[in-house]
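K.L.:
One structure is given below, represented as structure tokens, and several questions about it will come after.
Numbering (my numbering), first residue to last: 428 to 651.
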């Protein structure tokens, strides 16, 4: 599919805990189009976090195929997968993972440095900062920011290199209802206004409802 950002076929992941074999993924098929906002929902142990880690090139599958923005992840070397993560995928986690001694701007700039991105901020990213409401908060350190503001900095950091795919793992898990809705509204705006492809992992049905499509997982399989 030429318009597919993600194509997964018969994906399997088996972990070994001593003599016990744990099947985290049991033949998952999934296609996500470019510009789509998809929520992958399920309870703990459903396999959604394992799928997230494979999509981000953080762990290899046991079997199956994974194509990300036209590239075969399994055909890449570890070094090539690392470069893909830096330039093609942006990560948002439940824990903001901001460095407390650095300002919001410096936390964002670290992602640019790691990716080897020496370009000046462009108009598109300035629009992102305005959309996130961070333009006047960039000199503040995390301790001077609310949880919602810190998560918005984490979103900006994930987007600074203009990734083709934004992966969000329980991005509102540490936020109250008001800040959760604000962050989810922002993700939806990023998708609708900037056509950012987003895959969000969540166990919360209310959070999943902000996406354009919900994929439900249970026992390592997609059930709907």
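A virtual CB, placed ideally from N, CA and C, is assigned to each residue, including glycine.
What residues are listed by DSSP as bridge partners for residue 663?
P.N.:
Past the edges of the chain, shown from 428 to 651, lies residue 663, and the structure says nothing about it.
K.L.:
Measure how close the beta-carbons of residue 531 and residue 570 come, nearest whole angstrom, since I'm counting them as under 8 angstroms.
P.N.:
Not a contact, Cβ separation roughly 11 angstroms.
K.L.:
Just checking, does the stretch 504-517 make contact with the stretch 453-462 on the three C-beta pairs under 8 angstroms criterion?
P.N.:
no
K.L.:
According to DSSP, simplified to helix, strand and coil, what is residue 511?
P.N.:
It is helical.
K.L.:
So, residue 431 versus residue 641, is the Cβ gap smaller than 7 angstroms?
P.N.:
no
K.L.:
List the endpoints of the continuous beta strand (DSSP E) containing residue 643.
P.N.:
640-645
K.L.:
Could you compute how far the alpha carbon of residue 473 sits from the alpha carbon of residue 550?
P.N.:
40 angstroms
K.L.:
Between which two residues does the beta strand (DSSP E) harbouring residue 589 extend?
P.N.:
Run containing residue 589: none; DSSP gives neither H nor E here.
K.L.:
To which residues of the same chain is residue 639 closer than 8 angstroms at the C-beta, ignoring the five residues directly before and after it?
P.N.:
So the qualifying residues of the chain are 463, 464, 465, 618.
K.L.:
Assign residue 610 to buried or exposed, taking buried as 16 or more other Cβ atoms, counted over all protein chains shown, within 10 Å of its Cβ.
P.N.:
buried
K.L.:
Should residue 430 be listed as close to the ligand GTP, given that the test is whether its C-beta is under 6 angstroms from any heavy atom?
P.N.:
Absent from the structure shown: the ligand GTP. Ligands present: none.
K.L.:
Is residue 580 helix, strand or coil by DSSP?
P.N.:
helix
K.L.:
Rounding to the nearest angstrom, what Cα-Cα distance links residue 471 and residue 630 in this structure?
P.N.:
7 angstroms
K.L.:
Quick check: residue 517 and residue 593, are their CB atoms within less than 7 angstroms of each other?
P.N.:
yes
K.L.:
With C-beta atoms as the reference, is residue 644 less than 7 angstroms away from residue 440?
P.N.:
no
K.L.:
Take residue 428 and list the residues in its own chain whose beta-carbon comes closer than 6 angstroms to its own, dropping the five residues that flank it on each side.
P.N.:
Any reading at residue 428 must be qualified, since the residue scores a pLDDT of 45, below 50, and its modelled position is unreliable; no value is offered.
K.L.:
At what residues does the alpha helix (DSSP H) containing residue 616 begin and finish?
P.N.:
Segment 604-621, the alpha helix (DSSP H) holding residue 616.
K.L.:
Less than 8 angstroms between the CB atoms is what I'm expecting for residue 411 and residue 523, so what's the real figure, rounded?
P.N.:
Shown here, the chain extends from 428 to 651; a query on residue 411 therefore has no answer.
K.L.:
Write down the C-beta distance between residue 580 and residue 561 rounded to the nearest angstrom, noting that I regard them as a contact closer than 8 angstroms.
P.N.:
Confirmed, about 7 angstroms.
K.L.:
Could you tell me which residues DSSP pairs with residue 477 in its beta bridges?
P.N.:
In the DSSP output, where bridge partners are listed per residue, residue 477 has none listed.
K.L.:
So the candidates are 636, 591, 622; which of them puts its Cα closest to the Cα of residue 608?
P.N.:
636
K.L.:
Work out the CA separation of residue 520 and residue 587 for me, nearest whole Å.
P.N.:
16 angstroms
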